[in-house]
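**Q** Numbering-wise (my numbering), the sequence shown opens with residue 3 and increments by one.
Supplied in structure tokens, the structure appears directly below.
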Amino acid sequence: MRYQLFGTGTKYRVLFVTGINSVCETWFPQTKYFGALEDYQVCTFDLRGSGESLAHPGFFSTKTFAKDALELLKSLKWESNVHLVGISLGGMIAQRMVSLAPEVFATVTFTSTWHSFFAAIPTPKGIFFSMKTLSKSLQEITKPLVKINYPRKWLKMESQQVEGKTNLQVLTELMDGINSVVPNQSALAALPQKMSGITHHGNPKKLRKIGENGVRFLIIHGTKDSAIPYAFGKAHAKQLGCPLITFEGCGHMLVIQDSDKYNACLRAHIEGNDTQN
Numbered sequence: 003m004r005y006q007l008f009g010t011g012t013k014y015r016v017l018f019v020t021g022i023n024s025v026c027e028t029w030f031p032q033t034k035y036f037g038a039l040e041d042y043q044v045c046t047f048d049l050r051g052s053g054e055s056l057a058h059p060g061f062f063s064t065k066t067f068a069k070d071a072l073e074l075l076k077s078l079k080w081e082s083n084v085h086l087v088g089i090s091l092g093g094m095i096a097q098r099m100v101s102l103a104p105e106v107f108a109t110v111t112f113t114s115t116w117h118s119f120f121a122a123i124p125t126p127k128g129i130f131f132s133m134k135t136l137s138k139s140l141q142e143i144t145k146p147l148v149k150i151n152y153p154r155k156w157l158k159m160e161s162q163q164v165e166g167k168t169n170l171q172v173l174t175e176l177m178d179g180i181n182s183v184v185p186n187q188s189a190l191a192a193l194p195q196k197m198s199g200i201t202h203h204g205n206p207k208k209l210r211k212i213g214e215n216g217v218r219f220l221i222i223h224g225t226k227d228s229a230i231p232y233a234f235g236k237a238h239a240k241q242l243g244c245p246l247i248t249f250e251g252c253g254h255m256l257v258i259q260d261s262d263k264y265n266a267c268l269r270a271h272i273e274g275n276d277t278q279n
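Here is the structure:
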């Protein structure tokens with residue numbers, strides 16, 4: 003399994019779990035920010051079947067991914083007080099991880115995720131995207147992937163980071179850059195990841211009990227999420243009895259779209275400061 007470590011702090015150890023079609027570099031706004039903080043060390047990794055992490059033939063579940071990640075933590079000797087952050091499929095994997103080993107974690111942040119695919123009603127945009135990309139490699143779906151993960155209005159706006167280019171242009175170039183240095187995810191490797199998300203069904207009641215016993219949960223969701231609609235983030239927060247932070251006007255990949263706000267919310271949660279909607 004390929005993983006990356008950033009920072010040398012020992013007070014706060016954070017594991018970021020990414021989603022489908024993603025690699026370590028997806029978390030670049032977070033690794034840059036938290037890796038530079040004195041008290042932090044953060045870890046990202048490629049899920050099996052993504053980037054440089056290998057995959058076995060056949061299908062596997064979110065539980066399989068969770069066990070992979072727990073083995074990684076064991077190898078790093080991160081055995082307690084770990085702060086877990088998951089987005090999309092990574093949020094589903096995080097649910098499995100904390101269910102399997104609640105004693106390892108101090109906080110868990112569920113971003114743009116939901117406890118069950120079958121309990122959700124996908125948007126027409128999400129259904130069309132899934133049908134269009136189900137059997138294609140990552141390099142073949144760069145632009146559709148950007149369009150499903152970010153609001154159309156925001157993509158058309160001029161980038162605040164790169165003068166003279168739209169957010170769509172900047173993000174497409176960014177993904178192309180990542181794809182050029184990381185092994186391309188084949189359609190054969192992508193399919194089991196997608197199926198693990200489709201077949202995932204978590205247990206909110208069990209998670210709520212874990213939360214009541216000391217693990218602090220937080221849910222962050224964007225109001226313009228086309229992949230997992232905002233209503234499911236609200237419902238998930240109610241199920242777990244935990245705070246929900248709403249990102250107005252943000253899509254599925256709010257960790258990049260509004261990284262400054264996300265990093266601030268995440269840091270406040272990890273350090274035990276009050277979070278607000």
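Backbone N, C-alpha and C fix where the C-beta goes; we use that ideal spot for every residue, glycine too.
Can you have a look at N275 and say buried or exposed, based on whether 16 or more other CB atoms are within 10 angstroms of its CB?
**A** Along the sequence shown, read from residue 1 onward, the residue named residue 275 stands at position 273. Exposed.
**Q** Can you give me the start and stop residues for the alpha helix (DSSP H) that S267 sits inside?
**A** Start at 1 with the first residue of the sequence shown, and residue 267 comes out as number 265. Note that residue 267 is Cys in the sequence shown, not Ser. Residues 261–272.
**Q** Would you call V25 buried or exposed, if buried means 16 or more other Cβ atoms sit within 10 Å of its Cβ?
**A** The count along the sequence shown starts at 1 and reaches residue 25 at position 23. V25 is buried by the Cβ-count criterion.
**Q** Could you give the DSSP three-state label for Q6: helix, strand or coil?
**A** Sequence index remark: in the sequence shown, residue 6 carries index 4 (1-based). Strand, per DSSP.
**Q** From the DSSP output, in three-state form, read off H85 for me.
**A** As a first step, residue 85 must be located in the sequence shown, where it is residue number 83. Reduced to three states, the DSSP call for H85 is strand.
**Q** In whole angstroms, give me the CA-to-CA distance for G9 and T33.
**A** As a first step, residue 9 must be located in the sequence shown, where it is residue number 7. As a first step, residue 33 must be located in the sequence shown, where it is residue number 31. Each residue's alpha carbon lies about 9 Å from the other.
**Q** Is the stretch 174–186 in contact with the stretch 204–222, if contact means three or more CB pairs nearer than 8 Å?
**A** With the cut-off at 8 Å, the stretch 174–186 and the stretch 204–222 do not touch.
**Q** Would you kindly work out how many angstroms separate the C-alpha atoms of E214 and I272, rounded to a whole number?
**A** Within the sequence shown, the letter at position 212 stands for residue 214. Within the sequence shown, the letter at position 270 stands for residue 272. Rounded to whole angstroms, E214 to I272 spans 17 Å at the Cα level.
**Q** Among V257, S261, K263, whose alpha-carbon lies nearest the alpha-carbon of G88?
**A** Translated into the one-based positions of the sequence shown, residue 88 becomes position 86. Measuring from the Cα of G88, the nearest candidate turns out to be V257.
**Q** What is the DSSP secondary structure of H223, counted as helix, strand or coil?
**A** Here the question's residue 223 lines up with position 221 in the sequence shown. In the structure shown, H223 sits in a strand (DSSP, three-state: E or B).
**Q** Find the nearest neighbour of V84 within the set L91, L75, S90, judged by alpha-carbon distance.
**A** The residue you call residue 84 lines up with position 82 of the sequence shown. With distances taken between Cα atoms, V84 lies closest to L75.
**Q** Taking DSSP as the reference, what is the three-state secondary structure of Y42?
**A** For the purposes of this step, residue 42 is taken as the residue at position 40 of the sequence shown. Strand, per DSSP.
**Q** Could you please give me the residues that DSSP links to R160 through a beta bridge?
**A** Position 158 of the sequence shown, counted from the first residue, corresponds to residue 160. The residue you asked about is not Arg; residue 160 is Glu in the sequence shown. Bridge partners of E160: T168.
**Q** Tell me, please, which residues DSSP counts as bridged to I247.
**A** As a working mapping, residue 247 is identified with position 245 in the sequence shown. DSSP lists I222 as partners of I247.
**Q** Have a look at A103 and D260 and give me their C-alpha separation to the nearest angstrom.
**A** Here the question's residue 103 lines up with position 101 in the sequence shown. Here the question's residue 260 lines up with position 258 in the sequence shown. Going by the C-alpha atoms only, they are around 31 Å apart.
**Q** Assign A103 to one of three DSSP states: helix, strand, or coil.
**A** If you number the sequence shown from 1, residue 103 lands on position 101. Coil, per DSSP.
**Q** On a CA-only basis, which of M94, T225, S161, C244 is nearest G251? Give me that one, please.
**A** Taking the sequence shown and counting its residues from 1, the one referred to as residue 251 is at position 249. Out of M94, T225, S161, C244, T225 has the C-alpha closest to the C-alpha of G251.
**Q** Does the beta-carbon of Q97 have 16 or more other beta-carbons within 10 angstroms, so that it is buried, or is it exposed?
**A** In the sequence shown, counting from the first residue as 1, residue 97 sits at position 95. Classification for Q97: buried.
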